[in-house]
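Colleague: Positions 3 to 93 (the numbering used here) are the ones given, in order, by the sequence shown. Don't be surprised by glycine CBs; every beta carbon is placed ideally from N, CA and C. Note that this is a predicted model, so its numbers are computed, not measured. This is the structure, below, for whatever I ask next.
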Amino acid sequence: MAGAVRLSGARPGDKGIIVEVRAAGLSGDHGVDVDELQRRLLEFGFVEGARVAVLHEGAIWRDPIAVRLDDMRIGLRRRDAADIWVLLDPR
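Structure follows, in structure tokens:
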């Protein structure tokens, strides 16, 4: 996972490939159980090897972020995006 960054740290225009989805925070961090959060992310399609691009970010505290995941557009809280590790394409 060398060189991978959390999706929450990516900026609009960044693109890459998901290398890991690991919901490792405490249950109170997300408001749901860690296993439940990981299941939700996987059901949305946040799986290893999927292409992802950051499209937009909210005006207040840069939250939430809009991402393109393969052919879908998804809004995602930045704290949930922190559980997704991405290998960014070089600019």
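#1: Relative to the alpha-carbon of Asp65, which residue among Leu71, Val54, Met74, Leu78 has its alpha-carbon at the smallest distance?
#2: On the CB-based measure, 16 or more other CB atoms within 10 Å of its CB, does Leu44 come out buried or exposed?
#3: Which word fits Ala83, buried or exposed, when buried means at least 16 other C-beta atoms lie within 10 angstroms of its C-beta?
#4: State the CB to CB distance for the pair Ala6 and Val21, rounded to an integer number of angstroms; the pair is presumed to be in contact (CB under 8 Å).
#5: Under the three-state reduction of DSSP, which class applies to Ala55: helix, strand or coil?
Modeller: Inspection of the coordinates gives the following:
#1: Here residue 65 refers to the residue found at position 63 of the sequence shown. Residue Leu78 holds the alpha-carbon nearest to the alpha-carbon of Asp65 among Leu71, Val54, Met74, Leu78.
#2: One-based indexing of the sequence shown puts residue 44 at position 42. With fewer than 16 other Cβ atoms within 10 Å, it is exposed.
#3: Your numbering for residue 83 matches position 81 in the sequence shown. Ala83 should be labelled buried.
#4: Along the sequence shown, read from residue 1 onward, the residue named residue 6 stands at position 4. Along the sequence shown, read from residue 1 onward, the residue named residue 21 stands at position 19. Yes, they are in contact, since the Cβ atoms of Ala6 and Val21 sit about 5 Å apart, within 8 Å.
#5: Translated into positions along the sequence shown, residue 55 becomes position 53. Secondary structure at Ala55: strand, using DSSP grouped into helix, strand and coil.
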